[in-house]
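Read through the structure below, which is laid out as structure tokens, and then see the notes.
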Amino acid sequence: MADANISKNYLENECQALGISTDGVKSDLVQRLRKHLKGKNRAFSHESEGSYRSEGGDSNTQLLDDGLETTEMQNLSLQAKTLKELAYQSRKGNAAGIPPTREQSSTHSIYRSEPTHAQTENKKKRPLLNEEGGDQDLISNRMLIEFKRLENAMININDKLNTVTAHVQGTRHKVEVNETLQWNQEALVAEGYGWDIASALPDTQDNWSKGKDSLIEKAKTLVEVIKTKHQRIYESSKSSNFGRWND
63 MADANISKNY LENECQALGI STDGVKSDLV QRLRKHLKGK NRAFSHESEG
113 SYRSEGGDSN TQLLDDGLET TEMQNLSLQA KTLKELAYQS RKGNAAGIPP
163 TREQSSTHSI YRSEPTHAQT ENKKKRPLLN EEGGDQDLIS NRMLIEFKRL
213 ENAMININDK LNTVTAHVQG TRHKVEVNET LQWNQEALVA EGYGWDIASA
263 LPDTQDNWSK GKDSLIEKAK TLVEVIKTKH QRIYESSKSS NFGRWND
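Position 41 (the sequence shown) corresponds to 103 in the numbering used here; numbering is contiguous.
Below is the structure:
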């Protein structure tokens, strides 16, 4: 990376991430970052200052300190070193469990080749859309199976009721009739037709024909209600997902 590529915008982002003022020109920002880094890492600042002090001696400490600040503001190479150290400190903090700010995530890509936020979000969405499409197929298949089961029930229910009718008519005593009707009610419920259908069975043998017709009508109504309900759910879900995919 060329030193000249260090922009003021990058410096401002680093200052904002650390809570440092962004006022002033580029050299002011570098100076603030440098001072912040001295406080965070004394060993680094001592090493930088020692190279200057070894030449002038203790008697020129104040003069060399002033010269150090001037040199730092003008030396792009030292700016790059400061920023690299700052990025290293930030990465150490993130490794310890401190989440990076949005500014840090974008500016640190200068030093590390990382996927952008948009790329990461795009990767997350792709499998999600595929899963949703698969779910829609699964829902549709389940609905078709349910419709088929209900249609088969409608085809078989008339034959079943004819069998029940013959059974009821074959009894000779009212007690036996009632027991037979009760048994058939429980059998219908056990097969999944529900009490709403089973309750249409007649109370007496004389009313059986009327009860049988009522039972068939209730079964037909139930099939239509369930079909309509599932169809509305399917259409609503399909419309909702279509809108989401086109956002």
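Think of the CB as a built atom: it goes at the ideal place given N, C-alpha and C, for glycine as much as any other residue.
For S92, count neighbouring Cβ atoms within 10 angstroms of its own Cβ and tell me buried if that reaches 16, exposed if not.
Reading off the sequence shown, one finds Val at residue 92, where the question assumed Ser. Of the residues assessed, V92 falls on the buried side of the cut-off, its CB having 16 or more other CB atoms within 10 angstroms.
Per DSSP, what kind of secondary structure is S50 in: helix, strand or coil?
For the chain, the structure presents residues 63 to 309; residue 50 sits outside this window and is missing.
By Cβ distance, which residues of its chain are closer than 8 Å to S83, with the 5 residues on each side in sequence left out?
Here the set comprises C77 and R94.
Pick helix, strand or coil for T290, following the three-state DSSP scheme.
For T290, the secondary structure class from DSSP, reduced to helix, strand or coil, is helix.
CB-CB length for K88 against L99, believed under 8 Å:
The C-beta distance from K88 to L99 rounds to 16 Å, too long to fall under 8 Å, and the pair is not in contact.
Using DSSP with H/G/I as helix, E/B as strand and the rest coil, what is S89?
It is helical.
Once you ignore the five residues that flank L80 on each side, which residues in its own chain have a CB closer than 7 Å to its CB?
If the five residues before and after L80 are omitted, its C-beta is found closer than 7 Å to the C-beta atoms of H98, all from its own chain and listed in chain order.
At a cut-off of 7 Å, would you count C77 as near the ligand HEM, judging by its Cβ distance to the nearest heavy atom?
The ligand HEM is absent from the structure shown, which contains no ligand whatsoever.
Excluding the 5 residues flanking Q293 on each side, which residues of the same chain have their C-beta closer than 6 Å to its C-beta?
The answer is none, since no qualifying residue turns up.
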